[in-house]
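A short worksheet on the structure shown next.
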Amino acid sequence: MHALLIERAQVVQGLIAAHRATGDEGPVLDPVRDAERMRLLVERHEGDLPLTAVEHLWRDIVATCAFLEAPFTVHLDGGAELLGMLDAARYHFGFNPELEAGSDAADVVGVVAGSQNDIGLIALSDRSDLPWWRGLSETGARVTARLPFLVLDTRPADLPMLVISRAEVPRDQQDVIVYDARWGSVLPGDLMGQGIEVVSFHRSASGVDALIAVSADLDETEALKACADAGAEPDVLRPVGGYTAAIDIESDTNEEFETVVTIVSEG
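For reference, each letter of the sequence shown is one residue, going 1 to 267 in full-length UniProt numbering.
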């Protein structure tokens, strides 16, 4: 295993040279590719070794190699519980990237938008103190992943989070599209009845802002219609990223892992 890790690092050095020769300085972490790898790991896993141990080791290897190629900092939502954020950041991105706590989620979005490779981690809560997602866009900082990716009881690093980066992910490679939605009054209707998740919302005197998650099978026009059918047509509906759906892991009677790809809703 050690020899293979050294070999992998040597391959990374070749990638660094190739990227420099072509002037390619884009983000090196690919959320879709990472999700595909995790699915393969889950499919072939067996025995008593905890799957989360494999997940942690694999993510550390991937993040470390990405760091060798282009060093990056992980910016943490300073408005969230710090120990949980640190635990999740080290579990998913290893110990090589520097961790930096922002003052709040909006600060994290601003820093990531002004960087090339940096990553932001924002803790999810039903109600947000501010509509931080207004700073997201499809050309700057955007939602690129949702954690944890493997969903199971009593897992480590289980703080629900969104990953913010500038990685460009084609829509046809995403399972879920995330929108900045705004209403000029109290949010009406039953969005969940139309399969739309309200990831987080902020209520103010001017109305309601929400970060909503919609199946990628629906384009923007269809997503707007789904909101209207729920009696909640927004004044603004703006795509701000997307992610691969989580893997829900259940243990059957033979204690073998079954995997079901689902859009995980916090209700």
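All C-beta atoms in this analysis are idealised placements derived from N, C-alpha and C, irrespective of residue type, glycine included. This one's a predicted model, so the numbers in the text were calculated from it and none came from an experiment.
Span of the beta strand (DSSP E) holding residue i?
{"i": "D180", "result": "V176 to W183"}
{"i": "E168", "result": "Per DSSP, E168 belongs to no beta strand (DSSP E) and is neither H nor E."}
{"i": "D209", "result": "G207 to S215"}
{"i": "T144", "result": "R142 to L147"}
{"i": "T73", "result": "T73 to L76"}
{"i": "G242", "result": "V236 to Y243"}
{"i": "S128", "result": "Looking at the DSSP string, S128 is not in any beta strand (DSSP E), and its letter there is neither H nor E."}
{"i": "R203", "result": "E197 to S204"}
Helix, strand or coil for residue i, going by three-state DSSP, please let me know.
{"i": "A3", "result": "helix"}
{"i": "I122", "result": "strand"}
{"i": "E222", "result": "helix"}
{"i": "S251", "result": "With a pLDDT of only 47 at S251, under the threshold of 50, the placement of this residue in the model should not be trusted, and no figure is reported."}
{"i": "V11", "result": "helix"}
{"i": "L99", "result": "strand"}
{"i": "L187", "result": "coil"}
How about residue i and residue j: are their beta carbons less than 7 Å apart?
{"i": "V12", "j": "L68", "result": "yes"}
{"i": "A106", "j": "L130", "result": "yes"}
{"i": "Y91", "j": "A145", "result": "no"}
{"i": "A88", "j": "L41", "result": "no"}
{"i": "D190", "j": "A230", "result": "yes"}
{"i": "G241", "j": "V143", "result": "yes"}
{"i": "V32", "j": "Q173", "result": "yes"}
{"i": "V236", "j": "A213", "result": "no"}
{"i": "A113", "j": "G78", "result": "no"}
{"i": "T52", "j": "R155", "result": "yes"}
{"i": "V176", "j": "A245", "result": "yes"}
Can you tell me where the alpha helix (DSSP H) holding residue i begins and where it ends?
{"i": "V111", "result": "A105 to A113"}
{"i": "A66", "result": "L51 to E69"}
{"i": "L41", "result": "P31 to R44"}
{"i": "A157", "result": "Unbroken run through A157: none, as it is neither H nor E."}
{"i": "L82", "result": "L82 to F93"}
Could you give the distance in angstroms between the alpha-carbon of residue i and the alpha-carbon of residue j?
{"i": "G184", "j": "M192", "result": "20 Å"}
{"i": "A101", "j": "P148", "result": "20 Å"}
{"i": "residue 271", "j": "P234", "result": "One cannot answer for residue 271 here, as it falls past the ends of the chain, which runs 1 to 267."}
{"i": "W58", "j": "E43", "result": "14 Å"}
{"i": "L29", "j": "E222", "result": "30 Å"}
{"i": "G207", "j": "L5", "result": "53 Å"}
{"i": "Y243", "j": "Q10", "result": "30 Å"}
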